[in-house]
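Shown next, in structure tokens, is the structure this report addresses.
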Amino acid sequence: MPPKKTSTFEAPALTQSAIRKLVADSVTEALEAQAATMANADNTNRNTKEREAPVARKCSYKEFMSCQPINFKGSEGAVGLIRWFEQTESVFSHSNCTKECKVKFATGTLTEEALSW
Numbered sequence: 000m001p002p003k004k005t006s007t008f009e010a011p012a013l014t015q016s017a018i019r020k021l022v023a024d025s026v027t028e029a030l031e032a033q034a035a036t037m038a039n040a041d042n043t044n045r046n047t048k049e050r051e052a053p054v055a056r057k058c059s060y061k062e063f064m065s066c067q068p069i070n071f072k073g074s075e076g077a078v079g080l081i082r083w084f085e086q087t088e089s090v091f092s093h094s095n096c097t098k099e100c101k102v103k104f105a106t107g108t109l110t111e112e113a114l115s116w
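First residue of the sequence shown? That's 0 in numbering that gives the first Met the number 0, and the numbers climb one at a time after it.
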């Protein structure tokens, strides 16, 4: 077996504060360069007006159901109930369901024994 090569070069040890300073200097330099680029750019297509916040649209029951929420019968036990909660929350997220509609839409997935709760 050939002998292992050893290096006589040692990398200088960097302290946490030295690393933080290097990162901060790099970020500052990048931000200054970006600001200079934007200040020098004569872009007539650039929108300088403030953006309006998008208005959340109300999802419909049809959109909610198109995400295929699971039905809950009430006989699945605690694990089934938790799974139903998690999956229903996921469907709410995917369908952009508003707070006002969540209870109404979720109750539409209850069947059999769960209907009498």
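C-beta atoms are modelled at their ideal positions from N, C-alpha and C, and glycine is treated no differently.
Same chain, Cβ closer than 7 Å to residue i, neighbours up to 5 away in sequence not counted
i   : result
F91 : K101
C96 : C58, F63 and F104
Own chain partners of residue i with C-beta closer than 8 Å, once the 5 adjacent residues on each side are dropped
i    : result
S94  : C58, E62, F63, S65 and C66
T108 : P68, I69, N70, F71, W83 and T87
Residue i, buried or exposed, once every other Cβ within 10 Å from all chains shown has been counted against 16
i    : result
A12  : exposed
A105 : buried
The ligand SAH heavy atom lying under 7 Å from the CB of residue i
i   : result
Q33 : The ligand SAH is not part of the structure shown, which contains no ligands of any sort.
Contacts around residue i, its chain only, beta-carbon distance under 6 Å, and the 5 residues preceding and following it disregarded
i   : result
L21 : none
Next item on the list: Inspect the CB distances between the segment 72-90 and the segment 107-115 and report whether three or more fall short of 8 Å.
Entry: yes
Next item on the list: Entirely within the segment 61-109 and at least 4 residues each: give me those alpha helix (DSSP H) ranges in chain order.
Entry: 76-93 and 98-106
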